[in-house]
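Written below as structure tokens is the structure these notes are about.
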Amino acid sequence: MALRGLYQEAVAKDEVELRAILQSYNEMLRQDPMNVPIHKRRTALICSVGRYVDAIDCLVSYLNSFPGDAESWCELADLYQDQGMISQAIYCMEEAILLQPNAWNLHARLGELNYVASQSSSDGVSSTIKHLSEAVHRLSRSIELCQDYLRGYYGLKLATDKLLQLDLGKVNELCSKTKSRIHDLTDDIFTFPSSGCCRLLWRVQVWGFFSLNTLISGIVL
Numbered sequence: 001m002a003l004r005g006l007y008q009e010a011v012a013k014d015e016v017e018l019r020a021i022l023q024s025y026n027e028m029l030r031q032d033p034m035n036v037p038i039h040k041r042r043t044a045l046i047c048s049v050g051r052y053v054d055a056i057d058c059l060v061s062y063l064n065s066f067p068g069d070a071e072s073w074c075e076l077a078d079l080y081q082d083q084g085m086i087s088q089a090i091y092c093m094e095e096a097i098l099l100q101p102n103a104w105n106l107h108a109r110l111g112e113l114n115y116v117a118s119q120s121s122s123d124g125v126s127s128t129i130k131h132l133s134e135a136v137h138r139l140s141r142s143i144e145l146c147q148d149y150l151r152g153y154y155g156l157k158l159a160t161d162k163l164l165q166l167d168l169g170k171v172n173e174l175c176s177k178t179k180s181r182i183h184d185l186t187d188d189i190f191t192f193p194s195s196g197c198c199r200l201l202w203r204v205q206v207w208g209f210f211s212l213n214t215l216i217s218g219i220v221l
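Encoded structure:
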């Protein structure tokens, strides 16, 4: 059925015929909602006529029913990026990597999306550092999985160059705010009323710059 539809799309002479084919896909899906090839042909046809928002809606609906399709997550990420919705594209690539954790090209693609997000971020230097650090992490992972993957090397060079070009004054200011926040949290914890002992476990992870993961381990009353 999908191959027949693909042939009909190829020989269609105008948009009217394409709409008729799309209508036939809709009818097939009403009869059999689990017809995966027709779902994909329908989405591809909608994209081919420039209805990208509708294509996104179709893919979201499809992935709600078939969340294990990594290829469709990647396609949805591309559509989101084309619409300038980078955070949604990043989410889709993360879902794809959960399904294919050793796919070096997907790690590199996620690194590239984080790099793009760092350039378009309006949330200040902290958001830029976060996205660039994640880009370095993902691109490094792609190289680790495939040492000959030149795209990973190119992306890694771009991301590290941008990290080195950051205003060190702003970075130091961010680090000072982080340390101040740690101090404030410590004061809050140890002024917590208790009749027993209060134990605090901090774990500070460094990836290029400071990032904080705080874990409070047990307050014994």
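Position 52, counted from 1, in the sequence shown is what the UniProt record's numbering calls 52; the numbers after and before it change by one each time, with no gaps.
Cβ coordinates follow ideal geometry from the N, Cα and C atoms, glycine included.
Where the alpha helix (DSSP H) through residue 226 begins and ends: In the structure as shown, the chain begins at 1 and stops at 221. Residue 226 is therefore absent and cannot be evaluated.
So the candidates are K162, V49, C58; which of them puts its Cα closest to the Cα of V116? Walking along the sequence shown from the start, residue 116 turns up at place 116. The shortest C-alpha separation from V116 is found at K162.
Which of helix, strand or coil DSSP assigns to G196: Here residue 196 refers to the residue found at position 196 of the sequence shown. Bear in mind that a pLDDT of 41 at G196, under 50, signals an unreliable position, so the number given afterwards is only what the model happens to contain. It is coil, neither helix nor strand.
DSSP three-state call for Q31: helix, strand or coil? The count along the sequence shown starts at 1 and reaches residue 31 at position 31. Q31 carries a helical assignment under DSSP once its states are collapsed to helix, strand and coil.
Backbone secondary structure at G111 - three-state DSSP: On the sequence shown, position 111 is the one that residue 111 refers to. G111 falls in the helix class under three-state DSSP.
Alpha carbon to alpha carbon, what distance is there between Y80 and R41? Looking up residue 41 in the sequence shown gives position 41. Looking up residue 80 in the sequence shown gives position 80. Straight-line measurement puts the Cα of Y80 at about 19 angstroms from the Cα of R41.
What did DSSP end up calling Q165 once you bin it into helix, strand or coil? In the sequence shown, counting from the first residue as 1, residue 165 sits at position 165. Q165: coil per DSSP, three-state reduction.
Tell me which residue opens and which closes the alpha helix (DSSP H) that D14 is part of. For this step, residue 14 is matched to residue 14 along the sequence shown. Judged by DSSP secondary structure, D14 falls outside any alpha helix (DSSP H); it is assigned neither H nor E.
Tell me the DSSP secondary structure of W67 in three-state form. Locating residue 67 in the sequence shown gives position 67, where the first residue counts as 1. For the record, residue 67 in the displayed sequence is Pro; it is not Trp. P67 sits in coil when the DSSP states are folded into three classes, being neither helix nor strand.
Cα-Cα, which of A108, A159, T43, P101 is closest to R19? Taking the sequence shown and counting its residues from 1, the one referred to as residue 19 is at position 19. If we check each option's Cα against that of R19, T43 comes out closest.
Which one of A108, A159, G124, V125 has the shortest CA to CA distance from L150? As a position in the sequence shown, residue 150 is number 150, starting the count at 1. Considering only A108, A159, G124, V125, the residue with the shortest C-alpha distance to L150 is A108.
In whole angstroms, what is the alpha-carbon distance linking Q119 and V53? Locating residue 119 in the sequence shown gives position 119, where the first residue counts as 1. Locating residue 53 in the sequence shown gives position 53, where the first residue counts as 1. So the alpha carbons of these two residues sit roughly 24 angstroms apart.
How many angstroms separate the CA atom of A10 from the CA atom of L164? In the sequence shown, residue 10 corresponds to position 10, counting from 1. In the sequence shown, residue 164 corresponds to position 164, counting from 1. L164 has its alpha-carbon roughly 50 angstroms from the corresponding atom of A10.
Alpha carbon to alpha carbon, how far is G68 from L29? Give it in angstroms, no decimals. Counting from 1 along the sequence shown, the entry for residue 29 is found at position 29. Counting from 1 along the sequence shown, the entry for residue 68 is found at position 68. The alpha-carbon atoms of L29 and G68 are separated by roughly 19 angstroms.
Compute the Euclidean distance between the alpha carbons of E94 and L110, then round it to the nearest angstrom. What you label residue 94 is simply residue 94 of the sequence shown in a count that begins at 1. What you label residue 110 is simply residue 110 of the sequence shown in a count that begins at 1. Cα to Cα, E94 sits roughly 7 angstroms from L110.
So, at 7 angstroms on beta carbons, what are the nonlocal neighbours of Q100 in its own chain, with the 5 sequence-adjacent residues on each side left out? Counting from 1 along the sequence shown, the entry for residue 100 is found at position 100. Around Q100: A70, L106.
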